[in-house]
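Participant:
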Amino acid sequence: MGLIAEFRMTSKELPLVDVAEGVPDATVEFESVQGRPSGAPTFIVRIVDADADAIEAAFADADSVTDHSLIVADGATRRYRCRPTGGPPTELELLADNGSIPDRVLATPSGWEERRWFADREEFDQFRTFCRANDYGFRLDRLVETDEGSDGRATGPFGTSDRSWPREMTDAQREALVTAHEMGYFDTPRAATMADVADELGVASASLSERLRRAQNHLVTEFRRTSGIKPRTN
Numbered sequence: 001m002g003l004i005a006e007f008r009m010t011s012k013e014l015p016l017v018d019v020a021e022g023v024p025d026a027t028v029e030f031e032s033v034q035g036r037p038s039g040a041p042t043f044i045v046r047i048v049d050a051d052a053d054a055i056e057a058a059f060a061d062a063d064s065v066t067d068h069s070l071i072v073a074d075g076a077t078r079r080y081r082c083r084p085t086g087g088p089p090t091e092l093e094l095l096a097d098n099g100s101i102p103d104r105v106l107a108t109p110s111g112w113e114e115r116r117w118f119a120d121r122e123e124f125d126q127f128r129t130f131c132r133a134n135d136y137g138f139r140l141d142r143l144v145e146t147d148e149g150s151d152g153r154a155t156g157p158f159g160t161s162d163r164s165w166p167r168e169m170t171d172a173q174r175e176a177l178v179t180a181h182e183m184g185y186f187d188t189p190r191a192a193t194m195a196d197v198a199d200e201l202g203v204a205s206a207s208l209s210e211r212l213r214r215a216q217n218h219l220v221t222e223f224r225r226t227s228g229i230k231p232r233t234n
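Throughout the sequence shown, residue numbering follows the working numbering, covering 1 to 234 in sequence.
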């Protein structure tokens, strides 16, 4: 038995909130946080639907992160590397033994919107205590128990569904994933390019790339949930 929590943390002090303020109509999403033996971690951030100059201006004006650099640009999606400024949050020891897993973290002009997996209510309460200790406003939107039903179907925040497809995968993402597989996009060596699959589906390569990334993310999330594997901490 586990918990999936969807919540909002409100604070102007959270990293990337000031960047999101500079591009209010864009999606600003954490893709990963890479720890380092010493010093601040490195953020990999995905920004969608924002002008490149506007993003650069937002980073330049931001105080919460530093040393930003563009990793790759693919159509409307741009990925950046940056580091948070300032010291670590207080009461960090409260999270030392917390095994929760972030599933999605979005930076918004008012804070973070997050979906996170918790092993039990104790882990959830521990995380919420950490937020309050650091003066982060915490608004819970949804808290749902999740487990494996006796009929082999998964129950969770999006209802009961056949486990052969992860929850939230759209029809377009599913079609992109299956078509790419059938055309040999995932073969080694590849039998089809991104452009080949995009032409088959009648979409732009950038749109296909986004659909495949989200579809693969859902697959990995579902595998992680059912296998009990947690991410590396170093």
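Note that beta-carbon positions come from the ideal geometry of N, C-alpha and C, so glycine has one too.
With a threshold of 8 Å, are at least 3 pairs of Cβ atoms found where one atom belongs to the stretch 48 to 63 and the other to the stretch 182 to 198?
Facilitator: Too few Cβ pairs lie closer than 8 Å, so no.
Participant: If you draw a straight line from the C-alpha of Ala76 to the C-alpha of Phe7, how long is it?
Facilitator: Each residue's Cα considered, the two are about 27 Å apart.
Participant: Measuring alpha carbon to alpha carbon, tell me which residue in Leu70, Ala133, Trp112 and Thr85 is nearest Leu140.
Facilitator: The option with the nearest alpha carbon to Leu140 is Trp112.
Participant: Under 8 Å, do Ser69 and Val17 count as touching if we go by C-beta distance?
Facilitator: No; because the gap between Cβ atoms is not below 8 Å, this pair is not in contact.
Participant: By the three-class DSSP mapping on this structure, what secondary structure does Ala52 have?
Facilitator: Ala52: helix per DSSP, three-state reduction.
Participant: Taking the Cβ atom as the reference point for each residue, do Val105 and Cys82 lie within a distance shorter than 8 Å?
Facilitator: Going by C-beta atoms, Val105 is not nearer than 8 Å to Cys82.
Participant: Report the partner residues of Ile101 according to the DSSP bridge assignment.
Facilitator: Paired residues: Trp117.
Participant: In the structure shown, what three-state DSSP assignment does Ala40 receive?
Facilitator: Coil at Ala40, not helix or strand.
Participant: Whose C-beta lies closer than 8 Å to the C-beta of Glu29 among residues of the same chain, with five residues either side of it excluded?
Facilitator: So the qualifying residues of the chain are Val45, Arg46, Ile47, Val48, Arg104, Val105, Leu106 and Ala107.
Participant: What span of residues does the beta strand (DSSP E) with Gly2 cover, start to end?
Facilitator: From DSSP, the beta strand (DSSP E) with Gly2 extends over Gly2 to Thr10.
Participant: Take Trp165 and list the residues in its own chain whose beta-carbon comes closer than 6 Å to its own, dropping the five residues that flank it on each side.
Facilitator: Reliability of the predicted coordinates at Trp165 is poor, the pLDDT of 40 falling under 50, and the value obtained from them is presented with this limitation in mind. Closer than 6 Å at the Cβ level, and outside the excluded window around Trp165, lies no residue.
Participant: Nearest-angstrom Cα distance between Gly184 and Asp67?
Facilitator: Spanning the two alpha carbons is a distance of roughly 39 Å.
Participant: Taking the beta carbon of Glu210 as the centre, do at least 16 other beta carbons fall within 10 Å, making it buried, or is it exposed?
Facilitator: By the neighbour-count rule (16 or more Cβ atoms within 10 Å), Glu210 is buried.
Participant: Among Arg214, Pro84, Phe130 and Arg79, which one has its Cα closest to the Cα of Ala50?
Facilitator: With distances taken between Cα atoms, Ala50 lies closest to Arg79.
Participant: Can you list, in chain order, the residues of its chain with a C-beta nearer than 8 Å to that of Val72? Leave out the 5 residues immediately preceding and following it.
Facilitator: Here the set comprises Arg78 and Arg79.
Participant: Considering just the uninterrupted stretch of the beta strand (DSSP E) at Asp67, what are its terminal residues?
Facilitator: Asp67 -> beta strand (DSSP E) spans Val65 to Asp74.
Participant: Decide if Arg142 is buried, meaning its Cβ has at least 16 other Cβ atoms within 10 Å, or exposed.
Facilitator: Label assigned to Arg142: exposed.
Participant: Tell whether a beta-carbon distance below 8 Å holds between Leu212 and Leu201.
Facilitator: It is not a contact, given that the beta carbons lie outside the stated cut-off.
Participant: Which partner residues of Ser209 appear in the DSSP bridge assignment?
Facilitator: The partner list for Ser209 (beta bridge, DSSP) is empty, contrary to what the question assumes.
Participant: On a Cα-Cα basis, can you pick out the residue from Phe118, Ala5, Gln216 and Met194 that is closest to Asp74?
Facilitator: For Asp74, the nearest C-alpha among the options comes from Met194.
Participant: If I'm right that Arg128 touches Phe138 with Cβ under 8 Å, what's the distance once you round it to whole angstroms?
Facilitator: Sure, about 6 Å apart at Cβ, within 8 Å.
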